[in-house]
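Written out below as structure tokens is the structure these notes cover.
In the numbering used here, the protein residues as written are 1162 to 1511.
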């Protein structure tokens, strides 16, 4: 009888142990490994974690965006894993069916998805740059504007003013954290700028009696005129000749920039009178700042400009990216008339 009671007690104990193990296994599964992200048919969504966000703000974002099904299990596991002490700002790709473990591990380890940023010569104005950065990163447009207009801080941190700061931005393809701050972005640009300006390039600019900013400003005008490398070198030579003779550049791209209308294909005579320091038909010398972010090729074209006696150029009537160059106004006017006639023939009126 005693043996039977012991055997019965043993079976009960074993059952209790198995139940506890099963319960523990269920708990681990439910709180750790079970899928807790339901995107209602979508493959993924993005979770944006702002700079200086705390755990409660992170959890609120998950709830408000309906990214997790069971807040209780996520909260329990996240706290046990001390996520509140290891939150990394950024953009996170949340995939349908993710478990609490996968979600917490991703954020805790900062496994964010980078944001691609393309800066090229089609980004022309400070406002366009502000709009591009504020739309892609955790940067406020008003804060960007204040940063780019703060003359004292720009001089202190970059040695530039609110106009010349645009020369520091280097075009290229970037992959950056969504949480990149304004200061971090422009520090990156400063590093790229310093790297670009090698001793050899600095020497060439000095020999030309141009500052680094002036080279980039002139390159931006050259970029606006042509994209073919050989043409850029010739055009740079024309502008340098005009500057040396104190002749206005009279560059159409500067008028277009001044008017802030980049749909213009044909600059009209009345537009040449638009009063702006960027209008090189109105003011001598270089414009105060770049009219686009010139490519490395355009900058190299200025530093290695083609020497000649040409003072004028005009796009060829074929509109093939090449220009007719001339030393005299008389010859230039003949080329200009042929160009205007072709524009009219093609119905390009503005």
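C-beta atoms are modelled at their ideal positions from N, C-alpha and C, and glycine is treated no differently. Model, not experiment: these values are computed from the prediction.
In three-state terms, what does DSSP make of residue 1342?
Here the question's residue 1342 lines up with position 181 in the chain shown. Looking at residue 1342 - three-state DSSP - the assignment turns out to be coil, as it is neither helix nor strand.
Please confirm whether residue 1245 and residue 1216 have their CB atoms less than 8 Å apart.
For the purposes of this step, residue 1245 is taken as the residue at position 84 of the chain shown. For the purposes of this step, residue 1216 is taken as the residue at position 55 of the chain shown. The answer is yes: Cβ separation under 8 Å.
Against chain C, does residue 1360 count as a neighbour if the rule is that its beta carbon must be under 8 Å from one of theirs?
Going by chain labels, chain C is absent from the structure shown, which holds only one protein chain.
Relative to the C-alpha of residue 1213, which residue among 1241, 1250, 1308 is closest?
For the purposes of this step, residue 1213 is taken as the residue at position 52 of the chain shown. Of 1241, 1250, 1308, the residue nearest in Cα terms is 1250.
Does the beta-carbon of residue 1240 have 16 or more other beta-carbons within 10 angstroms, so that it is buried, or is it exposed?
On the chain shown, position 79 is the one that residue 1240 refers to. Its Cβ having fewer than 16 others within 10 Å, residue 1240 is exposed.
Terminal residues of the continuous alpha helix (DSSP H) containing residue 1385?
Reading the chain shown from its first residue, position 224 is the one you call residue 1385. 1373-1386 is the span of the alpha helix (DSSP H), which, as asked, contains residue 1385.
Let me know the secondary structure DSSP gives residue 1228 once reduced to three states.
Here residue 1228 corresponds to residue number 67 of the chain shown, with the count starting at 1. Residue state, collapsed to three classes: coil.
In or out: residue 1465 buried (at least 16 other Cβ within 10 Å) or exposed?
Numbered from 1 along the chain shown, position 304 holds the residue referred to as residue 1465. Residue 1465 is exposed by the Cβ-count criterion.
Evaluate residue 1285 with the Cβ neighbour count: other Cβ atoms within 10 Å of its Cβ, from every protein chain shown; 16 or more gives buried, anything less gives exposed.
By one-based count along the chain shown, residue 1285 stands at place 124. The residue is buried, with at least 16 neighbouring Cβ atoms inside 10 Å.
Alpha carbon to alpha carbon, how far is residue 1404 from residue 1299?
Residue mapping note: residue 1404 aligns to position 243 of the chain shown, counting from 1. Residue mapping note: residue 1299 aligns to position 138 of the chain shown, counting from 1. Distance between the alpha carbons of residue 1404 and residue 1299: 42 Å.
Look at the Cβ atom of residue 1491, then the Cβ atom of residue 1395, and state whether they are nearer than 8 Å.
Reading the chain shown from its first residue, position 330 is the one you call residue 1491. Reading the chain shown from its first residue, position 234 is the one you call residue 1395. Their beta carbons are not under 8 Å apart, which means residue 1491 does not touch residue 1395 by this criterion.
Since residue 1565 contacts residue 1257 with CB under 8 Å, what's their CB separation in whole angstroms?
This structure cannot speak to residue 1565, because the chain is shown only from 1162 to 1511.
Residues in its own chain within less than 6 Å of residue 1365 by CB, not counting five upstream and five downstream?
Taking the first residue of the chain shown as 1, we reach residue 1365 at position 204. Hits under 6 Å: 1464.
Determine, using beta-carbon pairs with one atom in the segment 1342-1361 and one in the segment 1424-1442, whether at least three such pairs fall under 8 Å.
Short answer: they don't touch.
Among 1283, 1504, 1385, 1435, which one has its Cα closest to the Cα of residue 1478?
Translated into positions along the chain shown, residue 1478 becomes position 317. Closest option to residue 1478, Cα to Cα, is 1504.
What does the alpha-carbon distance come out to for the pair residue 1498 and residue 1343?
Stepping through the chain shown from its first residue, residue 1498 is reached at position 337. Stepping through the chain shown from its first residue, residue 1343 is reached at position 182. So the two alpha carbons sit approximately 48 Å from each other.
Taking the beta strand (DSSP E) that residue 1250 belongs to, which residues open and close that run?
Residue mapping note: residue 1250 aligns to position 89 of the chain shown, counting from 1. Counting along the chain, residue 1250 falls outside any beta strand (DSSP E), and DSSP gives it neither H nor E.
How big is the Cα-Cα spacing for residue 1206 and residue 1274?
The residue you call residue 1206 lines up with position 45 of the chain shown. The residue you call residue 1274 lines up with position 113 of the chain shown. Each residue's Cα considered, the two are about 12 Å apart.
Excluding sequence positions up to five away, which residues of its chain have a Cβ less than 6 Å from the Cβ of residue 1380?
The residue you call residue 1380 lines up with position 219 of the chain shown. Answer for residue 1380: 1455, 1459, 1460, 1463, listed in chain order.
Residues in its own chain within less than 6 Å of residue 1437 by CB, not counting five upstream and five downstream?
Your numbering for residue 1437 matches position 276 in the chain shown. Within the same chain, residue 1437 has close Cβ partners 1419.
Look up residue 1333 in the DSSP assignment and give the residues it is bridged to.
Here residue 1333 refers to the residue found at position 172 of the chain shown. Beta-bridge pairing links residue 1333 to 1280.
In chain order, which beta strand (DSSP E) runs of at least 3 residues are fully inside the segment 1428-1489?
Listed in chain order, they are 1473-1476, 1484-1487.
Quick check on the DSSP output: the alpha helix (DSSP H) that includes residue 1399 runs from which residue to which?
Position 238 of the chain shown holds residue 1399. Where residue 1399 is concerned, the enclosing alpha helix (DSSP H) stretches over 1390-1405.
Tell me which residues share the same chain as residue 1473 and place their Cβ nearer than 6 Å to its Cβ, disregarding the 5 neighbours each side in the sequence.
In the chain shown, residue 1473 corresponds to position 312, counting from 1. Once the five neighbours on either side are set aside, the close Cβ partners of residue 1473 are 1487, 1493.
In this structure, what does DSSP give as the bridge partners for residue 1206?
Taking the chain shown and counting its residues from 1, one reaches residue 1206 at position 45. Paired residue(s): 1255.
Is the separation between the beta-carbon of residue 1453 and that of residue 1398 shorter than 8 Å?
Working through the chain shown from its first residue, we reach residue 1453 at position 292. Working through the chain shown from its first residue, we reach residue 1398 at position 237. Contact: no.
Going along the chain, which residues of its own chain have a beta-carbon closer than 7 Å to the beta-carbon of residue 1341, five neighbours each way excluded?
Position 180 of the chain shown, counted from the first residue, corresponds to residue 1341. Within the same chain, residue 1341 has close Cβ partners 1298.
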